[in-house]
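Peer 1: Chains as they are written, first to last, in this note's numbering: chain A, 18 to 130; chain B, 277 to 388.
For reference, the structure I am asking about is given below.
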Amino acid sequence: DAGVTQSPTHLIKTRGQHVTLRCSPISGHKSVSWYQQVLGQGPQFIFQYYEKEERGRGNFPDRFSARQFPNYSSELNVNALLLGDSALYLCASSFTRVVETQYFGPGTRLLVL
Amino acid sequence: RKEVEQDPGPFNVPEGATVAFNCTYSNSASQSFFWYRQDCRKEPKLLMSVYSSGNEDGRFTAQLNRASQYISLLIRDSKLSDSATYLCVVNGLTGGGNKLTFGTGTQLKVEL
């Protein structure tokens, strides 16, 4: 079975630009969560989506937004990019929205110049 | 205070050694607990869940102490392939769903 997939794998943007990252969960999983991992730190929770609705939001500015589609795939959007947004963006999926194991995709490595 | 605290290391140990990692968490309402392993420039992968009764998977043993809000991971007979960053992870409710809260990770280097 395919695991969580993310695209693109790498991305280079300049300050002020906008970026869209994509995630497809494991087949049958209905919940998608997004995390940001900057170098030397653990991943930080950004959003959780379940059944196309936002179920949780971390401490990130409104420049960050996301959505989930009927097929449970998800997009993370970041506007007005800052240098500090350079990070590995991880998507994780789980079957439901409640407390359980989440499985991570390979991530999208974003560099903002 | 950070929600999940770990010693960042690095822990440099010889092959065959036993090494222990510790972690503390601040939210007493946390629901479940995990250790994830992360190799350099890769995604985190679930190593094992952590229960109050303790659980063992081969050379790995994890333990949870809810009263002290403390989680541990013991690795016996270390292998070169165990070199990685070990992330202590706490799963808690957000109101409408759940989120994982990660520690900064503890780096392990197993040497010949």
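Every residue, glycine too, gets a C-beta built ideally from N, C-alpha and C.
None of the values given here were measured: they were computed from a predicted structure.
Answer yes or no: does any C-beta atom of chain E fall closer than 8 Å to that of Phe62/A?
Peer 2: Although the question refers to chain E, the structure presented lacks it and instead comprises the protein chains A and B.
Peer 1: Could you give the residue range of the beta strand (DSSP E) that holds Gly20/A?
Peer 2: Premise fails: Gly20/A is in no beta strand (DSSP E) and is neither H nor E.
Peer 1: Can you pull out the residues from the region 318-335 of chain B whose beta carbon lies closer than 9 Å to at least one beta carbon of chain A?
Peer 2: Result list: Lys318, Glu319, Pro320, Lys321, Leu322, Ser325.
Peer 1: Classify Asn374/B as buried or exposed, calling it buried when 16 or more other Cβ atoms lie within 10 Å of its own Cβ.
Peer 2: Result: buried.
Peer 1: Looking at chain B, is there any beta carbon in it that lies within less than 8 Å of the beta carbon of Thr31/A?
Peer 2: no
Peer 1: Rounded to a whole number of angstroms, what is the C-alpha to C-alpha distance between Gln85/A and Phe62/A?
Peer 2: Separation of Gln85/A and Phe62/A (C-alpha to C-alpha, rounded to the nearest whole angstrom) is 16 Å.
Peer 1: At 3 residues or longer, and completely inside the region 70-127 of chain A: list those beta strand (DSSP E) runs for me, N to C.
Peer 2: Counting only unbroken stretches of 3 or more residues, the beta strand (DSSP E) elements lying wholly within the region 70-127 of chain A are 70-74, 81-85, 91-95, 104-111, in sequence order.
Peer 1: Can you give me the C-alpha to C-alpha distance between Ser90/A and Glu70/A, rounded to a whole angstrom?
Peer 2: 12 Å
Peer 1: Buried or exposed: where does Arg313/B fall if 16 or more other Cβ atoms within 10 Å of its Cβ makes it buried?
Peer 2: buried
Peer 1: Using the C-alpha atoms, what's the distance from Val55/A back to Asp102/A?
Peer 2: 8 Å
Peer 1: Are the region 44-53 of chain A and the region 106-120 of chain A touching, with three or more C-beta to C-beta distances below 8 Å?
Peer 2: yes
Peer 1: If you follow the beta strand (DSSP E) that Asp333/B is in, where does it begin and where does it stop?
Peer 2: 331-333
Peer 1: If you follow the beta strand (DSSP E) that His27/A is part of, which residue opens it and which one closes it?
Peer 2: 27-30
Peer 1: Helix, strand or coil: which one does DSSP assign to Ser328/B?
Peer 2: Coil.
Peer 1: Mind pulling the chain B residues with CB within less than 9 Å of Ser50/A?
Peer 2: Gly373, Asn374, Lys375, Leu376
Peer 1: Who are the neighbours of Pro25/A on chain B, taking C-beta pairs under 8 Å?
Peer 2: Per Cβ cutoff of 8 Å: no residues; Pro25/A is ~15 Å from chain B at best.
Peer 1: Can you give the beta carbon distance from Thr382/B to Gly285/B, rounded, assuming they're within the 8 Å contact cut?
Peer 2: 5 Å
Peer 1: Is Val386/B near Leu356/B, with beta carbons less than 8 Å apart?
Peer 2: Yes. Within cutoff.
Peer 1: Quick check on Leu323/B: does DSSP put it in helix, strand or coil?
Peer 2: strand
Peer 1: Quick check: what's the CA-CA separation for Ala97/A versus Leu128/A?
Peer 2: 14 Å
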